[in-house]
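Numbering (the working numbering), first residue to last: -8 to 233. For glycine and all other residues, C-beta sits at the position ideal for the given N, C-alpha and C. Keep in mind that this is a model prediction, so the values were computed, not measured.
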């Protein structure tokens, strides 16, 4: 072991690897929808681990798995809402398609190779992780500043949410307090939920029946963007003072 990486300075990935492997069969069975969510969560945290390690190998595979799980999870979240019948019926069919894609992924050689590949990933140096964490923080702040432009829309906040998610997971790996980041991420997640609902409604073959739903979504999206802009500004003002 190199002198620069003593055992006390290493961040092993086993916790979230075990979490992933434990929830894969739950997601496969489909009896508990939380299994799909936890597969997505574990894949995102392991992807953050590789970012902190500066490693590109396996990241594409983790993103592939997360996207398959997200396709199902996004629809699960939407279908828990009170929706117009036309939209709910179409989304239920879309979920069957997304579910089939997830099952194909969970049964694929690519997943087996992904899990096997982690045997060769060394423990992450805390020093390296802390250095790369600062890059993630800088990227998140740049995206937040762009989103604070009055002309920015929901897409800008989606980019911020993704950047803050990576930063939060990086901080979790480093054992830092993530309460403020989690609260901000949750708020941006609510905005994203409205945006996703609107996008699906626009793609629905019966979109002509959804005029009232889309109008309400537009009003809610405008409100959420205004709130997100305010919360982002407050977050970075507090950061400048600390």
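Terminal residues of the alpha helix (DSSP H) in which residue i lies
{"i": "residue 42", "result": "25 to 44"}
{"i": "residue 61", "result": "50 to 70"}
{"i": "residue 100", "result": "100 to 108"}
{"i": "residue 80", "result": "76 to 97"}
Nearest-angstrom Cα separation, counted from residue j out to residue i
{"i": "residue 29", "j": "residue 78", "result": "26 Å"}
{"i": "residue 158", "j": "residue 131", "result": "7 Å"}
{"i": "residue 203", "j": "residue 210", "result": "11 Å"}
{"i": "residue -3", "j": "residue 33", "result": "In this prediction, residue -3 has a pLDDT of 46, which is less than 50 and means its spatial position is unreliable; what the coordinates show is noted afterwards. Their backbone Cα atoms lie some 26 Å apart in a straight line."}
{"i": "residue -7", "j": "residue 54", "result": "Model confidence at residue -7 stands at a pLDDT of 42, short of 50, so the residue's coordinates are unreliable; what they give is reported in the following sentence. Residue -7 and residue 54: Cα-Cα distance of roughly 30 Å."}
{"i": "residue -1", "j": "residue 156", "result": "In this predicted model, residue -1 has a pLDDT of only 49, less than 50, meaning its place in the structure is not dependable; the value taken from the coordinates is given anyway. C-alpha separation (whole angstroms): 26 Å."}
{"i": "residue 221", "j": "residue 129", "result": "20 Å"}
{"i": "residue 31", "j": "residue 143", "result": "28 Å"}
{"i": "residue 84", "j": "residue 152", "result": "28 Å"}
{"i": "residue 59", "j": "residue 117", "result": "31 Å"}
{"i": "residue 227", "j": "residue 190", "result": "30 Å"}
{"i": "residue 223", "j": "residue 24", "result": "31 Å"}
{"i": "residue 172", "j": "residue 198", "result": "36 Å"}
{"i": "residue 89", "j": "residue 232", "result": "45 Å"}
{"i": "residue 145", "j": "residue 182", "result": "8 Å"}
{"i": "residue 103", "j": "residue 52", "result": "10 Å"}
{"i": "residue 136", "j": "residue 219", "result": "12 Å"}
{"i": "residue 178", "j": "residue 148", "result": "10 Å"}
For residue j and residue i, believed in contact at Cβ under 8 Å, the rounded distance
{"i": "residue 27", "j": "residue 68", "result": "Rounded, the Cβ-Cβ distance is 11 Å, inconsistent with contact."}
{"i": "residue 205", "j": "residue 217", "result": "The pair is not a contact, with the Cβ atoms about 19 Å apart (cut-off 8 Å)."}
{"i": "residue 18", "j": "residue 97", "result": "6 Å"}
{"i": "residue 2", "j": "residue 164", "result": "6 Å"}
{"i": "residue 113", "j": "residue 200", "result": "Not a contact, Cβ separation roughly 55 Å."}
{"i": "residue 185", "j": "residue 215", "result": "6 Å"}
{"i": "residue 56", "j": "residue 4", "result": "About 15 Å; that fails the 8 Å criterion."}
{"i": "residue 119", "j": "residue 45", "result": "7 Å"}
{"i": "residue 134", "j": "residue 121", "result": "With 8 Å as the limit, residue 134 and residue 121 do not qualify as a contact, their Cβ atoms being about 21 Å apart."}
Any chain D beta carbon closer than 7 Å to residue i
{"i": "residue 158", "result": "Protein chains in the displayed structure number just one, and chain D is not present."}
Paired residues, beta bridge with residue i - DSSP
{"i": "residue 115", "result": "2"}
Quiz prompt | Contained alpha helix (DSSP H) runs [length at least 4] in the stretch 125 to 205, N- to C-terminal order | solution = 145 to 164 and 170 to 194
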